[in-house]
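> Attaching a single structure in structure tokens format; questions to follow.
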Amino acid sequence: MYSREFLEQLYRTLYTIRVFETECIKLYRQGLIIGYFHPYLGEEAIATGVCAALRKDDYIVSTHRGHGHCIARGGELKKMVAEVLGREVGYCRGRGGSMHIADVNIGNIGANGIVGGGIPIGVGAGLGISIRGTDQVVVIFFSDGACNNGVFAESLNLAAIWDLPVIFLLENNQYAVSSPIEEMSRIPDLYRRAEGYGVPAYPVDGNDVLVVYEKTKEAIEACRNGKGPVMIEAKTYRHGGHHVNDPGLYMPRDRLEYYKSKDPVALGRKYLLEKTKCTKQEAAAIEQQVQKAMEEAIEFAKNSPEPSVERFLEEVEQN
Amino acid sequence: MYSREFLEQLYRTLYTIRVFETECIKLYRQGLIIGYFHPYLGEEAIATGVCAALRKDDYIVSTHRGHGHCIARGGELKKMVAEVLGREVGYCRGRGGSMHIADVNIGNIGANGIVGGGIPIGVGAGLGISIRGTDQVVVIFFSDGACNNGVFAESLNLAAIWDLPVIFLLENNQYAVSSPIEEMSRIPDLYRRAEGYGVPAYPVDGNDVLVVYEKTKEAIEACRNGKGPVMIEAKTYRHGGHHVNDPGLYMPRDRLEYYKSKDPVALGRKYLLEKTKCTKQEAAAIEQQVQKAMEEAIEFAKNSPEPSVERFLEEVEQN
Amino acid sequence: MSEDRSKSDGQDVRRIMFREALNEALREEMRRDETVFVMGGGIGQRGGSYKVTVGLLDEFGPRRIIDTPISEASFTGAGVGAAITGMRPVVEILFIDFASLIIDQIVNQAAKYRFMSGGRGRVPMVLRTQGGSGNGLAAQHSQSLEAWYYHTPGLKVVMPSTPYDAKGLLKSAIRDNDPVMFIEHKLLYMTEGPVPQDEYTIELGAGDIKRRGNDVTIVAWSNMVLRALSAAEKLAQQGIETEVIDLRTLVPLDKQLILESVKKTEHLVIVQEAVRRGGVASDIASIVQAEAFDFLDAPIEIVAGKNTPIPFNVHLERASVPQEGDIIEAVRKVLHL
Amino acid sequence: MSEDRSKSDGQDVRRIMFREALNEALREEMRRDETVFVMGGGIGQRGGSYKVTVGLLDEFGPRRIIDTPISEASFTGAGVGAAITGMRPVVEILFIDFASLIIDQIVNQAAKYRFMSGGRGRVPMVLRTQGGSGNGLAAQHSQSLEAWYYHTPGLKVVMPSTPYDAKGLLKSAIRDNDPVMFIEHKLLYMTEGPVPQDEYTIELGAGDIKRRGNDVTIVAWSNMVLRALSAAEKLAQQGIETEVIDLRTLVPLDKQLILESVKKTEHLVIVQEAVRRGGVASDIASIVQAEAFDFLDAPIEIVAGKNTPIPFNVHLERASVPQEGDIIEAVRKVLHL
Ligand SMILES: Cc1ncc(C[n+]2csc(CCOP(=O)(O)OP(=O)(O)O)c2C)c(N)n1
Ligand SMILES: Cc1ncc(C[n+]2csc(CCOP(=O)(O)OP(=O)(O)O)c2C)c(N)n1
Ligand SMILES: [Mg+2]
Ligand SMILES: [Mg+2]
């Protein structure tokens, strides 16, 4: 039922995110990337499945853990690497960095350094759509910690009473830094909070790209047909600490192993091999292409110029 | 099953609130009271029933519509009238006015000009209790509009995960100024929002002082026994507009008439007469005592001094 | 020049109220550009607590005139998101005191988005709000908080004092491609002034000399301009000619207008309703002492709000913010009289 | 006097880190007063992102060392409510940038409660937070926002620069009966300095002369004090003797200390990391020009952050806030060199 092309594309995206994060962590260790860097490792299936169901003219709102969203939404590796290296040719001209990559032109409203800060912004994109009367939709990505920022409840309610085409996409990786969701909510199934606001909500396996894709497609249909918002809770788990420098020792090993055994990238590869005629060699070829693209992006970024301080100061004068 | 003394006390409180608001509205029309004045008319049974179930060492958090809470909690009419007249002998030395009456000494943490602003403060009172390990409880009063301020959801969750002795007492009068709750929430039964946070919640008839009293007593028991927070949604309706100057024309007449026919003060009187040997004359005597007390309070306040500007400026110097 | 038109008695000029001028600005911009919409508490059927949006629901319907729940942070954030994606929202926060709930969306999101995105994104949003004391509304409904936004790179700050300025500036604010804080004063809504029938806009960043004089310069904005002007009348009777500069916009600041006037009068009094400590007046003083040091004949006098929350009692409330007498006193002091 | 003790090499003095000094202050006050408790994100098991609360959970347990969800507005408000009802909360907001979510609870509630209640209520709460740039954390994790709180009547504002001051001031802040904003700088946590074994406190409102000199006065606070001191060393080599005043607390402000120094040196440079426009430096300048007008030999120089959100790129970040060279330049300028 899925075309080979489609499953190849899914796998290519899953693998690209995996490679991007893995390579950037190396750059971080080499001191080439500074500041905060929050890897999406282990959560690749969510951004991949969701964005595969979107149209070019739809919008997403990303988070501080946003590289996967950007890549799945069609972001360019070169501009991304350049940005995390703080270069002028980066997405934000080196001014934003990892936590602020945005490109409205490809429908990525952007990452955010304020946990939950992007949720109302996504609602606003949905409000604009409903005023214009088009059938675009918005997907707001956020994780369990953000559910405890009051704007989550406020925004859920706004989207509900205004019947906005907004999908609240909860990436429940079960931690806010080191705080387990069990300690931060009596009911760890956070999708249940949506019921009280009259918003239909569903839990899904966040490590299975096809499950995520199908559920998102359904939700998008409902949104395009003016049924109003939907909340999807994708259960997942980080493959490491909160950020590059967090060893994540508080994550129970067995739990971590269990989720690694459900590796979303491996599963995507499995689907490609089992559901299509794609051979191991052909899959390996995709992986090599991705690796190569990433190497080129890193070379490009490393050799690209730093922003000019003089020019920056001129721009400041105009503020 | 209820002692005459108890039902007399309930009726005295209900009637006192009714008289306080009615008389103050006259003072307002005479230009003696200025600024915002939000009458509690029609909601008297809630504060009365709730506070009757509280102990002296418990706490309440009030709202911008707070006169009823203050009276039911044992506030002094003289200090209240003096405050709304802006006098030095008022609860806040004339500095707070109607929206800021507070007296921690009688367990009234205070009214608030920010809708929802008091909710986290009440949670904090509960947190203090749980740290000290006493069996006090906190009742947080708020209305439907406040449920859409993000701090409601945040605070509900904090009280839940910390098992705090806090009762979230929603006075659902079905309007935020002129905004009907049906337009501001897909689910007008706001207690249902609590389920998603794992907090037990119940709707009650907010116009029936005994129903409110009984349900609050249950909730208080649970709190004192360390079961954590409870939410009670008391359905009610204003007898007039949002504030003194709001004719409330947007309130459907039939709806208004229906609720007036369920007048909480009249019902309190009915209980007193039917469930005890109290005669109409004796009830009338209570009413006269209350009227007299209010007249005295008004006289006292009118004849009390305005705050001294000089002294105020001296105090400011010390800020 | 703006002044002239506002003061012209030409056929085309009527006297209307400040709130009516704002209503006209919203109406005209919504007719002109369908991406403009308005959001706020009770702004629809009720027409807003200060009647600024009266009649807009009838003309533009509920899609573009949106009543909001008490979710200030999120509907403001919704304004930011709508602006980023091609709309021009005008978000109303009934009291600037409640804007304390939206600071993240204004300061961390709206003000920084253009910069953080390397210029890829813009946030053409207007945040209309209302502040100031004088109606006995006490500490949480009477603050003057422009200094917070003035201190935030990426925001423009507008604080008009007349119906004419209010209309022209609101229209420009709506057309601006960056976030604008448009701060109204509760005592101004029912003040009247001349406003032309014909369309006009007023450039953000252009101050206005509301009264000419050679002895001393008074810099003010919002409601304090009216107070400064009445003080100026009294001072004129004492033979003191005051130049009253209405900044109209705090960001961009019309520094040149201030400096030229000070270089002429050599005496400066700055009047602000906000608390003295850390207010905008202090910043203007710091600029003038640096750039007109040798012209100043006396220390710059700042007349400002007292270091206190606004009290409920009317006498204490009045004592908390600058009155005509305080301004006169300051002018005489700066002139060593 | 404080200085001497901090600089004494007495037996009882060790060199410890800023974050260790804070940890000692919390520990000592929690032992001394059981109504003191600490709340914040990841402050328990994890010991806080900057390791300030390490070990406190073990000693005081989860009732008094409380990990919070990402509900800043509400757990701060919970601090306010606990304080009103007899506790002494120390609430930690990891970044002052996130404090944009708690402004209502701090400004409308905590700061005003005592006044609005006519003095019946007090809010003895400390809000510990962290700001400043220098770690490549970009626009939403690098701001200097003390000016907002400085402008708010009812709040005290503390911004220490040394481990010694940090410990003594935090202990006083916890014992204070009004709300205190205690603002730390991310670059200071691992700096070391002498701290006595014996208990001590430092009065809120007392500035400290960190270096004596007669040619020019530099006023600074928090991390800028360190930068001013290193600039002072360089200037000394050029024969310019700088007096460096560390305000330590912005509210109360040690005005006398500043004025006395300025009357001696007749030249003033104020250094602030925050954005120039509307910053605390402007307010200090406005006070000094008013109260020492005839003593000033030259315009007051303000060295401050640029009018921009903090950029991610390390070079741009550095160019956005005052560096040693900028301070040296300003001093030479104010001395007409
Ligand atoms: C409002 C706010 N509070 C705290 C932080 C600090 N912080 C950064 S990431 C993070 C954890 C967020 O958890 P979650 O929302 O689950 O996202 P995840 O990291 O799991 O993807 C925290 C607390 C912040 N950036 N913003
Ligand atoms: C945060 C905030 N937003 C808006 C207002 C303006 N306002 C004052 S009372 C009120 C209605 C509140 O409705 P509700 O919470 O239902 O309380 P009720 O008046 O019904 O008792 C509003 C919107 C406010 N005071 N605070
Ligand atoms: Mg998470
Ligand atoms: Mg209501």
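Order-wise, the sequence lines are chains V, F, B and H. Going by this note's numbering, the first sequence opens with residue 1, and the numbers climb by one from there. Going by this note's numbering, the second sequence opens with residue 320, and the numbers climb by one from there. Going by this note's numbering, the third sequence opens with residue 639, and the numbers climb by one from there. Going by this note's numbering, the fourth sequence opens with residue 976, and the numbers climb by one from there. Backbone N, C-alpha and C fix where the C-beta goes; we use that ideal spot for every residue, glycine too. Keep in mind that this is a model prediction, so the values were computed, not measured.
#1: If you measure between the beta carbons of H/LEU1291 and V/PHE300, is that distance less than 7 angstroms?
#2: Assuming F/LEU586 contacts F/VAL528 under a Cβ cut-off of 8 angstroms, what Cβ separation, rounded to an integer in Å, is found between them?
#3: What first and last residue would you give for the alpha helix (DSSP H) that runs through H/ALA1122?
#4: So with Cβ pairs under 7 angstroms, would you call F/GLU552 a contact of chain V?
#5: Check distances from the C-beta atoms of the stretch 782–796 of chain B to those of chain H and list, in chain order, the residues that come in under 7 angstroms.
#6: Verify the CB distance criterion: does B/PHE698 have a CB-CB separation below 7 angstroms to chain F?
#7: Which one or two residues does DSSP pair with V/TYR59 in a beta bridge?
#8: Below 7 angstroms between beta carbons: does that hold for V/VAL244 and V/ILE46?
#9: How many angstroms separate the CA atom of H/ALA1048 from the CA atom of H/ILE1081?
#10: Any heavy atom of ligand 1 within a distance shorter than 6 angstroms of the CB on V/ALA146?
#11: Should B/ASN861 be counted as a contact of ligand 4 given a C-beta to heavy atom distance under 6 angstroms?
#12: What are the residues in the stretch 453–477 of chain F lying within 8 angstroms of chain V by C-beta distance?
#13: Following a CB-centred definition, is F/SER462 positioned closer than 6 angstroms to any heavy atom of ligand 4?
#14: Any heavy atom of ligand 4 closer than 6 angstroms to the beta-carbon of F/ALA495?
#15: Determine the burial state of F/SER498: buried for a count of at least 16 other Cβ atoms within 10 Å of its Cβ, exposed for fewer.
#16: Could you tell me whether any non-hydrogen atom of ligand 4 is closer than 6 angstroms to the CB of H/ASN1282?
#17: Do F/GLY517 and V/ARG186 come within 7 angstroms of each other at the CB atom, strictly closer than that value?
#18: Does any heavy atom of ligand 2 sit closer than 6 angstroms to the C-beta of H/ILE1277?
#19: In three-state terms, what does DSSP make of H/ALA1294?
#20: Does any C-beta atom of chain H lie closer than 7 angstroms to the C-beta of V/GLY86?
#21: What does the Cβ neighbour count give for B/LYS824, buried or exposed, with the cut at 16 atoms within 10 Å?
#22: Tell me the residue span of the alpha helix (DSSP H) that contains F/LYS397.
#23: Measure from the C-beta of B/GLN747 to each C-beta in chain V and report whether the shortest distance is under 7 angstroms.
#24: Around the Cβ of V/ASP233, are there at least 16 other Cβ atoms within 10 angstroms (buried) or fewer (exposed)?
#25: By the 7 angstroms beta-carbon criterion, what residues does the stretch 930–954 of chain B contribute toward chain F?
#26: Using only CA atoms, which one of B/MET754, B/LEU826, B/ASN815 lies nearest to B/ASN861?
#27: Whole angstroms are fine: how far does the CA of B/GLY917 sit from the CA of V/ASP246?
#28: Using a Cβ cut-off of 9 angstroms, which residues of the stretch 414–431 of chain F contact any Cβ in chain B, in chain order?
#29: Which one of B/ILE938, B/ILE704, B/HIS905 has the shortest CA to CA distance from B/ALA919?
#30: Please classify H/ASP1173 as buried or exposed, where buried requires at least 16 other C-beta atoms within 10 Å of its C-beta.
#31: Using the C-alpha atoms, what's the distance from F/ARG557 back to F/LYS397?
#32: Let me see if you follow: with CB-CB separation under 7 angstroms, is F/PRO626 close to chain B or not?
#33: Counting only runs that start and end within the stretch 482–519 of chain F, where is the alpha helix (DSSP H) found for 4 or more residues in a row?
#34: Does the distance from the CB of H/PHE1287 to the CB of V/GLY97 come in under 7 angstroms?
#35: For B/PHE736, verify whether its CB is less than 6 angstroms away from any heavy atom of ligand 2.
#36: Considering Cα atoms alone, identify which of F/TYR569, F/ARG374, F/ASN476 is closest to F/PHE487.
Let me lay it out:
#1: Locating residue 1291 of chain H in the fourth sequence gives position 316, counting from the first residue. Locating residue 300 of chain V in the first sequence gives position 300, counting from the first residue. No, Cβ-Cβ distance for H/LEU1291 and V/PHE300 is not below 7 angstroms.
#2: Position 267 of the second sequence, counted from the start, is the residue given in the question as residue 586 of chain F. Position 209 of the second sequence, counted from the start, is the residue given in the question as residue 528 of chain F. Cβ-Cβ separation between F/LEU586 and F/VAL528: approximately 7 angstroms, consistent with a contact (criterion under 8 angstroms).
#3: As a working mapping, residue 1122 of chain H is identified with position 147 in the fourth sequence. Judged by DSSP secondary structure, H/ALA1122 falls within the alpha helix (DSSP H) whose first and last residues are 1121–1125.
#4: Translated into the one-based positions of the second sequence, residue 552 of chain F becomes position 233. So no, F/GLU552 is outside the interface.
#5: Residues passing the 7 angstroms Cβ filter: ALA785, TRP786, TYR788, HIS789, PRO791, GLY792.
#6: Counting from one through the third sequence, the residue named residue 698 of chain B turns up at place 60. The beta carbon of B/PHE698 does not come within 7 angstroms of any beta carbon belonging to chain F, so the residue lies off that interface.
#7: Here residue 59 of chain V refers to the residue found at position 59 when the first sequence is read from its first residue. Paired residue(s): V/VAL138.
#8: Sequence index remark: in the first sequence, residue 244 of chain V carries index 244 (1-based). Sequence index remark: in the first sequence, residue 46 of chain V carries index 46 (1-based). In this structure, the beta-carbon distance from V/VAL244 to V/ILE46 does not fall below 7 angstroms.
#9: By one-based count along the fourth sequence, residue 1048 of chain H stands at place 73. By one-based count along the fourth sequence, residue 1081 of chain H stands at place 106. H/ALA1048 and H/ILE1081: Cα-Cα distance of roughly 9 angstroms.
#10: What you label residue 146 of chain V is simply residue 146 of the first sequence in a count that begins at 1. V/ALA146 has its CB nearer than 6 angstroms to a heavy atom of ligand 1.
#11: Taking the first residue of the third sequence as 1, we reach residue 861 of chain B at position 223. For B/ASN861, the shortest separation between its Cβ and any heavy atom of ligand 4 does not lie below 6 angstroms.
#12: Within the stretch 453–477 of chain F, the qualifying residues are ASN467, ASN468, GLY469, VAL470, PHE471, ALA472, GLU473, ASN476.
#13: The residue given as residue 462 of chain F occupies position 143 in the second sequence. F/SER462 Cβ: within cutoff of ligand 4.
#14: Start at 1 with the first residue of the second sequence, and residue 495 of chain F comes out as number 176. For ligand 4, at least one heavy atom lies less than 6 angstroms from the Cβ of F/ALA495.
#15: Taking the first residue of the second sequence as 1, we reach residue 498 of chain F at position 179. By the 10 Å Cβ count, F/SER498 comes out buried.
#16: The residue given as residue 1282 of chain H occupies position 307 in the fourth sequence. No.
#17: For the purposes of this step, residue 186 of chain V is taken as the residue at position 186 of the first sequence. For the purposes of this step, residue 517 of chain F is taken as the residue at position 198 of the second sequence. Between V/ARG186 and F/GLY517, the C-beta spacing is below 7 angstroms.
#18: Indexing the fourth sequence from 1 puts residue 1277 of chain H at position 302. The answer is no for H/ILE1277.
#19: Along the fourth sequence, read from residue 1 onward, the residue named residue 1294 of chain H stands at position 319. The answer is helix: DSSP assigns H/ALA1294 an H, G or I state.
#20: As a first step, residue 86 of chain V must be located in the first sequence, where it is residue number 86. At least one C-beta of chain H is nearer than 7 angstroms to the C-beta of V/GLY86.
#21: Within the third sequence, residue 824 of chain B is the residue found at index 186, counting from 1. Here B/LYS824 is buried, its C-beta having at least 16 other C-beta atoms within 10 Å.
#22: Locating residue 397 of chain F in the second sequence gives position 78, counting from the first residue. For F/LYS397, the enclosing alpha helix (DSSP H) stretches over residues 396–403.
#23: Counting from one through the third sequence, the residue named residue 747 of chain B turns up at place 109. Closer than 7 angstroms to some Cβ of chain V, the Cβ of B/GLN747 qualifies, so yes.
#24: Here residue 233 of chain V is taken as the residue at index 233 of the first sequence, counted from 1. Correcting the residue type first, residue 233 of chain V is Glu in the shown sequence and not Asp. Taking every protein chain shown into account, the CB of V/GLU233 has 16 or more other CB atoms within 10 angstroms, so this residue is buried.
#25: Flagged, chain order: LYS944, ASN945, THR946, PRO949, PHE950, ASN951, VAL952, HIS953, LEU954.
#26: Along the third sequence, read from residue 1 onward, the residue named residue 861 of chain B stands at position 223. It is B/LEU826 whose Cα lies nearest to the Cα of B/ASN861.
#27: Position 246 of the first sequence, counted from the start, is the residue given in the question as residue 246 of chain V. Position 279 of the third sequence, counted from the start, is the residue given in the question as residue 917 of chain B. It is roughly 42 angstroms from the alpha-carbon of V/ASP246 to the alpha-carbon of B/GLY917.
#28: Answer set for the stretch 414–431 of chain F: ARG414, GLY415, GLY416, SER417, MET418, HIS419, ASN431.
#29: Walking along the third sequence from the start, residue 919 of chain B turns up at place 281. Ranked by Cα distance from B/ALA919, the options B/ILE938, B/ILE704, B/HIS905 are led by B/ILE938.
#30: In the fourth sequence, the residue the question calls residue 1173 of chain H occupies position 198. Per the 10 Å Cβ criterion, exposed.
#31: Counting from one through the second sequence, the residue named residue 397 of chain F turns up at place 78. Counting from one through the second sequence, the residue named residue 557 of chain F turns up at place 238. The alpha-carbon of F/LYS397 is positioned some 25 angstroms away from that of F/ARG557.
#32: On the second sequence, residue 626 of chain F is found 307 positions in, with the first residue counted as 1. Answer yes: the Cβ-Cβ gap between F/PRO626 and chain B drops below 7 angstroms somewhere.
#33: Listed in chain order, the alpha helix (DSSP H) runs fully inside the stretch 482–519 of chain F are 500–503, 511–514, counting runs of at least 4 residues.
#34: Against the fourth sequence, residue 1287 of chain H aligns to sequence position 312. Against the first sequence, residue 97 of chain V aligns to sequence position 97. It is a contact, given that the beta carbons lie within the stated cut-off.
#35: On the third sequence, residue 736 of chain B is found 98 positions in, with the first residue counted as 1. At least one heavy atom of ligand 2 lies less than 6 angstroms from the C-beta of B/PHE736.
#36: Counting from one through the second sequence, the residue named residue 487 of chain F turns up at place 168. F/ASN476 is the residue among F/TYR569, F/ARG374, F/ASN476 whose C-alpha sits nearest the C-alpha of F/PHE487.
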